[in-house]
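Protein chains: 2
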Amino acid sequence: MKLTPAGKCQQCSAFHEVGGFCSHLDAEELESLSAESRSVMLRRGDTIDSNELNTWPVLLIATGILSMQHLLEDGRKTIAAFFMQGDIIDMRNMPARHRGSLIALGKSKICRLSPKVFGDILEKNPSAQRVVWENLRTQTYRAMEHSADLAKKQALEKLASFIFECQHRQIITVSKNSVTIPVRRIDLAEYLGMQPETVSRGFKELEERGILEFQNTLSLKILNAPALRRIANGDRSSDHMPTAGERRFKVLSFG
Amino acid sequence: MKLTPAGKCQQCSAFHEVGGFCSHLDAEELESLSAESRSVMLRRGDTIDSNELNTWPVLLIATGILSMQHLLEDGRKTIAAFFMQGDIIDMRNMPARHRGSLIALGKSKICRLSPKVFGDILEKNPSAQRVVWENLRTQTYRAMEHSADLAKKQALEKLASFIFECQHRQIITVSKNSVTIPVRRIDLAEYLGMQPETVSRGFKELEERGILEFQNTLSLKILNAPALRRIANGDRSSDHMPTAGERRFKVLSFG
DNA sequence: CGGCAAGTTGAGCCAGGTCAACTCCGGTGG
DNA sequence: CCACCGGAGTTGACCTGGCTCAACTTGCCG
Chain A
-19 MKLTPAGKCQ QCSAFHEVGG FCSHLDAEEL ESLSAESRSV MLRRGDTIDS NELNTWPVLL
41 IATGILSMQH LLEDGRKTIA AFFMQGDIID MRNMPARHRG SLIALGKSKI CRLSPKVFGD
101 ILEKNPSAQR VVWENLRTQT YRAMEHSADL AKKQALEKLA SFIFECQHRQ IITVSKNSVT
161 IPVRRIDLAE YLGMQPETVS RGFKELEERG ILEFQNTLSL KILNAPALRR IANGDRSSDH
221 MPTAGERRFK VLSFG
Chain B
-19 MKLTPAGKCQ QCSAFHEVGG FCSHLDAEEL ESLSAESRSV MLRRGDTIDS NELNTWPVLL
41 IATGILSMQH LLEDGRKTIA AFFMQGDIID MRNMPARHRG SLIALGKSKI CRLSPKVFGD
101 ILEKNPSAQR VVWENLRTQT YRAMEHSADL AKKQALEKLA SFIFECQHRQ IITVSKNSVT
161 IPVRRIDLAE YLGMQPETVS RGFKELEERG ILEFQNTLSL KILNAPALRR IANGDRSSDH
221 MPTAGERRFK VLSFG
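Those protein sequences? They're chains A and B, same order as listed.
The opening residue of the first sequence carries number -19 in my numbering; numbering runs sequentially from there.
The opening residue of the second sequence carries number -19 in my numbering; numbering runs sequentially from there.
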């Protein structure tokens, strides 16, 4: 097979994934976008600096995970959002005050799209436009929902919500109740506005209550989805019910 | 002057404001959008219910202020975002889980846009498309910034950030340092994830430190913008410096 | 000018932050 | 192959910012 100039795109998730932005482009568009764009590999900790964002303000995540981080004067750090496979980040003319830094949280491949070609495509290709539009709206409403979580939920409730968020966003689903957490504990804590210690204690409690079970730090199984759902929704009525763990133990020991 | 079918639009901020969505439409587009859309007046507390959002998922705020509220099982309530003049809310095909309720926080006029005509316009009118796109992006990054505020900032810091947010969003600026808070204390507390009591105490402290001064509950003057900025940015080094108020008092009493 | 919601003030308490010590794990080099 | 190392994660003890509840004041609207 002859490798067109856009041949590299054949390997890219944004091209071959159904619904991926580049899969909606015609040959000519793909050609010119590809010619004017640059893809990069990032490792954990790599930062896309401000200068770079000025020349390359439009990014597409091909694989991996990026974070938008905000830093306070005294070093407190927050992750305002996660960007994952298929997400498009459009920072054209963003005033600096709206900008955090974009930092990779693991090995990632991103494509810096030519702002000009990107803009042209949005104007002329309604189906590509729709994909980008949907993506941005999802980001918006996700961010708002996340705000709501941060504003009023307690530690356990935030963790529960987060697990569902991971479940909804994950691309490959091994089994219905398996969820993979795509980031380290520290990042998770920063995203949820809590301390790593608190995250640890929270997960421990959820395990003790028999609601979930960790395979390892990054992957878990939901054992009692309704209970987890109730916690995520802030239903405190069941807070002091006997836990599944306790109950099972008693039955076994007296049975 | 002859009143065209879209005559009602002549009065609307979205039409006559520079940069307003409808000001970017040509006569024909305005005509058909207007014919298929419905504007409504809302009063504080009016809710746009879920059914309504299914038939009219695209809204444009002409004047006033709406909130996106999320409710937890046990009654805790959060305001995830404010929508103000010029904002466009596009809820087409949003899964229910991403949806809070839209509730007016004061007298507002909104225009329910025909989703079909709105969609057609986005495809065909690049300049209108750009306006909507910019608006959505602003909403996105604002929501992310707000998440960052909620995640790690303390009460005072959140208040300080909020004042700057109001300053940036307000349409009419009386004087450089006057800021109008567009919502009541309760709403503000819900937006910032705190209690009204805490809001009150926070503002009191900022006044006592001589950083700002309230004209009435809704409007204030910033007296020391750099100090407010430092607080908003989470600089705790100045936390226990003598306050302007204290200093002034001492000078006067010994002078 | 009265009534009621909004906002403020005060006192006490607790969820989660902080700090410090410890364990676990993956990678590295001898 | 194993000993070592360093960062990530966990556990424990303590402390505090902001929540809670209750009483009070203010200000708006009829």
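Heads up, the beta-carbon is just placed ideally off N, CA and C, and yes, glycines get one too.
Is the CB of residue i under 7 Å away from at least one CB in chain A?
{"i": "A212(B)", "result": "no"}
{"i": "D215(B)", "result": "yes"}
{"i": "T153(B)", "result": "no"}
{"i": "F127(B)", "result": "Note that residue 127(B) corresponds to Ser in the displayed sequence, not to Phe. It does: the Cβ of S127(B) has a partner Cβ on chain A nearer than 7 Å."}
{"i": "E8(B)", "result": "no"}
{"i": "M21(B)", "result": "no"}
{"i": "A135(B)", "result": "no"}
{"i": "H4(B)", "result": "no"}
{"i": "L130(B)", "result": "yes"}
{"i": "L116(B)", "result": "yes"}
{"i": "E32(B)", "result": "no"}
{"i": "Q119(B)", "result": "yes"}
{"i": "P106(B)", "result": "yes"}
{"i": "A76(B)", "result": "no"}
Taking DSSP as the reference, what is the three-state secondary structure of residue i?
{"i": "A15(B)", "result": "helix"}
{"i": "V154(B)", "result": "coil"}
{"i": "M48(B)", "result": "strand"}
{"i": "V(-2)(A)", "result": "coil"}
{"i": "V97(B)", "result": "helix"}
{"i": "S81(B)", "result": "strand"}
{"i": "K133(A)", "result": "coil"}
{"i": "M174(B)", "result": "coil"}
{"i": "N213(A)", "result": "coil"}
{"i": "G235(A)", "result": "Low confidence applies to G235(A): its pLDDT is 29, below 50, so where it sits in the model is not reliable, and the reading given next is rough at best. G235(A) falls in the coil class under three-state DSSP."}
{"i": "R117(A)", "result": "helix"}
{"i": "P238(B)", "result": "Residue 238(B) falls outside the range modelled here, since chain B spans only -19 to 235, and no answer is possible."}
{"i": "L139(B)", "result": "helix"}
What are the partner residues of residue i, as DSSP defines its beta bridges?
{"i": "E193(B)", "result": "K201(B)"}
{"i": "S239(B)", "result": "Residue 239(B) falls outside the range modelled here, since chain B spans only -19 to 235, and no answer is possible."}
{"i": "F63(B)", "result": "L46(B)"}
{"i": "V38(A)", "result": "D70(A) and L93(A)"}
{"i": "V159(A)", "result": "L200(A)"}
{"i": "T27(A)", "result": "I83(A)"}
{"i": "K57(B)", "result": "L51(B)"}
At least one CB of chain B closer than 7 Å to the CB of residue i: is that the case?
{"i": "G(-1)(A)", "result": "no"}
{"i": "S81(A)", "result": "no"}
{"i": "T178(A)", "result": "no"}
{"i": "M64(A)", "result": "no"}
{"i": "E205(A)", "result": "As written in the sequence, residue 205(A) is Ala, which differs from the Glu given in the question. So, not an interface residue."}
{"i": "G173(A)", "result": "yes"}
{"i": "L39(A)", "result": "no"}
{"i": "R56(A)", "result": "yes"}
{"i": "K156(A)", "result": "no"}
{"i": "A42(A)", "result": "no"}
{"i": "M221(A)", "result": "Note that M221(A) has pLDDT 48, beneath the 50 cutoff, so the model's placement of it is unreliable and no number is given."}
{"i": "E53(A)", "result": "yes"}
Buried or exposed: which applies to residue i, given that a residue is buried once 16 or more other Cβ atoms fall within 10 Å of its Cβ?
{"i": "T58(B)", "result": "buried"}
{"i": "E145(A)", "result": "buried"}
{"i": "T120(B)", "result": "buried"}
{"i": "R210(B)", "result": "buried"}
{"i": "M21(A)", "result": "exposed"}
{"i": "R117(B)", "result": "buried"}
{"i": "R122(B)", "result": "buried"}
{"i": "L198(B)", "result": "exposed"}
{"i": "R23(B)", "result": "exposed"}
{"i": "G80(B)", "result": "buried"}
{"i": "K87(A)", "result": "exposed"}
{"i": "S180(B)", "result": "exposed"}
Q. Just checking, does the segment 94 to 106 of chain B make contact with the segment 137 to 146 of chain A on the three C-beta pairs under 8 Å criterion?
A. no
Q. Three or more C-beta pairs closer than 8 Å, one from the segment 69 to 76 of chain B and one from the segment 26 to 41 of chain B: is that the case here?
A. Here the segment 69 to 76 of chain B makes contact with the segment 26 to 41 of chain B; the two share three or more CB pairs at distances below 8 Å.
(Q) Quick test of the definition: if touching needs 3 or more C-beta pairs under 8 Å, does the segment 102 to 116 of chain B touch the segment 102 to 115 of chain A? (A) Contact holds: three or more Cβ-Cβ distances are below 8 Å.
Q. Looking at C-beta atoms only, is the number of pairs between the segment 58 to 67 of chain B and the segment -4 to 5 of chain B that lie closer than 8 Å three or more?
A. The segment 58 to 67 of chain B vs the segment -4 to 5 of chain B: in contact.
Q.
Measuring CB atoms only, is the segment 123 to 132 of chain B touching the segment 170 to 189 of chain A, in the sense that at least three cross pairs come out at less than 8 Å?
A. yes
**Q.** Sufficient close CB pairs (3 or more, under 8 Å) joining the segment 3 to 16 of chain A to the segment 42 to 58 of chain A
**A.** no
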